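Asker:
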């Protein structure tokens, strides 16, 4: 009999689908070995708390966000331009994210 996938892995997969990310992309963003993430999904094992914290950080959410009943897909309080900016930002690699954040802070200081 096949074991059902655990709730945490299912929720991680939902975030991957929403962001159109691969497991490899999550591994890069979360700074976790791809083989570790892949094994966790293949063996249907729960991530440790430190691993889940890294995954959440890689996804750009808090642990509280992760365990809430709703998955953060959109920011209803944001304008369309702000949503587009956030979605584009999420697609960037870490280096580019830092650069964009630095530039935007400089513009905000004006």
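In my numbering, the protein residues as written are 5 to 114.
All residues carry an ideal CB built from backbone N, CA and C; glycine is no exception.
It should be emphasised that the depicted structure is a prediction, and the values quoted were computed from it without experimental measurement.
Quick one: using the 10 Å Cβ neighbour count with 16 as the cut-off for buried, is residue 59 buried or exposed?
Answerer: Numbered from 1 along the chain shown, position 55 holds the residue referred to as residue 59. So residue 59 counts as buried.
Asker: How do the region 65-76 and the region 90-102 stand: do at least 3 beta-carbon pairs fall below 8 Å, yes or no?
Answerer: no
Asker: CB residue 37 to CB residue 12, shorter than 8 Å?
Answerer: In the chain shown, counting from the first residue as 1, residue 37 sits at position 33. In the chain shown, counting from the first residue as 1, residue 12 sits at position 8. Cβ atoms of residue 37 and residue 12: not closer than 8 Å.
Asker: Can you give me the C-alpha to C-alpha distance between residue 84 and residue 14, rounded to a whole angstrom?
Answerer: Reading the chain shown from its first residue, position 80 is the one you call residue 84. Reading the chain shown from its first residue, position 10 is the one you call residue 14. When rounded, the distance between both Cα atoms is 29 Å.
Asker: Near residue 40, what residues of its chain come up, given a Cβ to Cβ distance below 7 Å and the 5 sequence neighbours on each side ignored?
Answerer: Working through the chain shown from its first residue, we reach residue 40 at position 36. Counting only Cβ-Cβ distances below 7 Å, and skipping sequence neighbours, we find nothing.
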